[in-house]
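Peer 1: For the sequence shown, the positions run -18 to -1, 1 to 247 when mature numbering (1 follows the signal peptide of the UniProt record, and there is no 0) is used.
Where is the CB? At the ideal position from N, CA and C, for every residue including glycine.
Every value quoted in this text rests on a predicted model; they were computed, and no experiment measured them.
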Amino acid sequence: MKKILLFFSIILFLSACAGNQKTYYISMPNFKSTFEEHNHTNANSPKVKINDVEIIKSTFYSSYFEQSTLNQRINKSLELLKKQLLEDSKALLQSKGYAIDNENPDYIFNIVINANLYEDKVRRNSSLGGDSVESSFMIILEAQSHLNNLHQEDTFQSTTSSAKLNDPIILNYPIKGQASIESFREVYSAVPTQVNESLAASALEIDKVFVAFYKEIASSLKTSIKEIKEEPKTQESSEVQDVKQDDKKEEKATPYQNNEVIIFE
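Next up, the structure:
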């Protein structure tokens, strides 16, 4: 009888320990575009080539963090941010009067993102629940954009944006250990949306940084990129212009007579 009671006690203990370890599903940060797609271009609009968004990741963290779910989540967030910024860049430039053309551009537009990740005070812990790491973490995101005029050297429009955690946060994340009893190990997930309970709050704080960063970039681009008021047109030779003026002395002509630009507010 005592053996049976002991057996059930062990089962209940194991169940309680296993039940304390939870995995949360946390969706990726939502970079909701605020750009409306209004194409204000025509045949005479200046042409711009949009380069791929460049991401430079500067890492100052442990090998434990390299393999962590949180790091994978940050990488995925950077990918989503890159994709959204490319879509936004196209919509914004067209709304400002630029035509997208990768073959014969007048301008080149690019965005560079610097993601700086710092981990400090790293301490590894082992328990029946598995191996984990406790550390202090900081993330700083910075961006620069440039709209370069290829026909006028050193003529460009640029913006800078940044966002970071207000203060370093304390991380506590599971790592792949060699625990002898599998049922005691903490949940380690390779899926960025499946976050261990001890890491959930930190993941949400970092998501807020990404969303704030995206909004600042979008706001900076809207205000910094100048709207094209008139379409540049290739100047005809002076001889041809003189002939036209002689033939149409009484006509009130304009080089933009048939190519009006209508700007919708």
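Quick one: grab the DSSP three-state call for Ile210.
Peer 2: Position 228 of the sequence shown, counted from the first residue, corresponds to residue 210. Correct three-state label for Ile210: coil.
Peer 1: Throw me the rounded Cβ distance for the Val35 and Ile121 pair, which I believe falls under 8 Å.
Peer 2: Residue mapping note: residue 35 aligns to position 53 of the sequence shown, counting from 1. Residue mapping note: residue 121 aligns to position 139 of the sequence shown, counting from 1. Not a contact, Cβ separation roughly 18 Å.
Peer 1: Any chance the segment 77 to 89 sits against the segment 147 to 157, with 3 or more Cβ pairs inside 8 Å?
Peer 2: Output reads no: the segment 147 to 157 does not touch the segment 77 to 89.
Peer 1: Is the distance from the Cβ of Val30 to the Cβ of Asp88 below 8 Å?
Peer 2: Translated into positions along the sequence shown, residue 30 becomes position 48. Translated into positions along the sequence shown, residue 88 becomes position 106. Yes, the Cβ-Cβ distance between Val30 and Asp88 is below 8 Å.
Peer 1: At which residues does the alpha helix (DSSP H) containing Lys39 begin and terminate?
Peer 2: In the sequence shown, counting from the first residue as 1, residue 39 sits at position 57. Premise fails: Lys39 lies in the beta strand (DSSP E), Glu36 to Phe42, not in any alpha helix (DSSP H).
Peer 1: Roughly how far, in whole angstroms, is the beta-carbon of Ala73 from the beta-carbon of Glu19, given that I think they are within contact range, below 8 Å?
Peer 2: The count along the sequence shown starts at 1 and reaches residue 73 at position 91. The count along the sequence shown starts at 1 and reaches residue 19 at position 37. Ala73 to Glu19, Cβ: 5 Å. Contact.
Peer 1: Would you report the Cα separation of Ser109 and Tyr155, rounded to the nearest angstrom?
Peer 2: As a first step, residue 109 is located in the sequence shown; it is residue number 127 there, counting from the start. As a first step, residue 155 is located in the sequence shown; it is residue number 173 there, counting from the start. Answer to the nearest angstrom: the Cα atoms are 13 Å apart.
Peer 1: So, does the segment 178 to 185 touch the segment 128 to 136, judging by three or more C-beta pairs under 8 Å?
Peer 2: With a cut-off of 8 Å, the segment 128 to 136 and the segment 178 to 185 do not count as touching, because too few Cβ pairs lie within range.
Peer 1: Starting from the N-terminal side, write out each stretch of the beta strand (DSSP E) that is 3 residues or longer and does not extend beyond the segment 92 to 142.
Peer 2: If we require 3 residues or more, the beta strand (DSSP E) runs fully inside the segment 92 to 142 come out as 112 to 131.
Peer 1: Report yes if the C-beta distance between Ser27 and Ile210 is below 8 Å; otherwise report no.
Peer 2: Residue 27 sits at position 45 when you count from the first residue of the sequence shown. Residue 210 sits at position 228 when you count from the first residue of the sequence shown. The answer is yes: Cβ separation under 8 Å.
Peer 1: Who are the Cβ neighbours of Ser45 in its own chain at under 6 Å, not counting the five residues just before and after it?
Peer 2: Residue 45 sits at position 63 when you count from the first residue of the sequence shown. Excluding sequence neighbours, Ser45 sits near nothing in its chain.
Peer 1: Which same chain residues end up closer than 7 Å to Ile37 when comparing Cβ atoms and leaving out the 5 residues on each side of it in sequence?
Peer 2: Along the sequence shown, read from residue 1 onward, the residue named residue 37 stands at position 55. Answer for Ile37: Leu60, Lys64, Ile95 and Ala97, listed in chain order.
Peer 1: May I ask which residues mark the beginning and end of the alpha helix (DSSP H) holding Gln176?
Peer 2: The sequence position of residue 176 within the sequence shown is 194, counting from 1. Looking at the DSSP string, Gln176 is not in any alpha helix (DSSP H); the run it does join, the beta strand (DSSP E), is Gln176 to Asn178.
Peer 1: Quick check on the DSSP output: the alpha helix (DSSP H) that includes Lys78 runs from which residue to which?
Peer 2: Taking the sequence shown and counting its residues from 1, one reaches residue 78 at position 96. Per DSSP, Lys78 belongs to no alpha helix (DSSP H) and is neither H nor E.
Peer 1: If you check the beta carbons only, do Gln139 and Ile207 fall under 8 Å apart?
Peer 2: Counting from one through the sequence shown, the residue named residue 139 turns up at place 157. Counting from one through the sequence shown, the residue named residue 207 turns up at place 225. Result yes, Cβ atoms of Gln139 and Ile207 sit closer than 8 Å.
Peer 1: If we ignore side chains and look at the alpha-carbon of each, how far apart do Phe17 and Ser127 end up?
Peer 2: In the sequence shown, residue 17 corresponds to position 35, counting from 1. In the sequence shown, residue 127 corresponds to position 145, counting from 1. Taking the straight line joining both Cα atoms gives about 17 Å.
Peer 1: So if DSSP puts Ser50 in a beta bridge, which residue, or which two residues, is it bridged to?
Peer 2: Taking the sequence shown and counting its residues from 1, the one referred to as residue 50 is at position 68. DSSP output for Ser50 lists no bridge partner at all.
Peer 1: Helix, strand or coil: which one does DSSP assign to Lys204?
Peer 2: Indexing the sequence shown from 1 puts residue 204 at position 222. Here Lys204 sits in helix by DSSP.
Peer 1: I need the DSSP call for Ser9, collapsed to helix, strand or coil.
Peer 2: Within the sequence shown, the letter at position 27 stands for residue 9. In this structure, Ser9 counts as coil in the three-state DSSP scheme.
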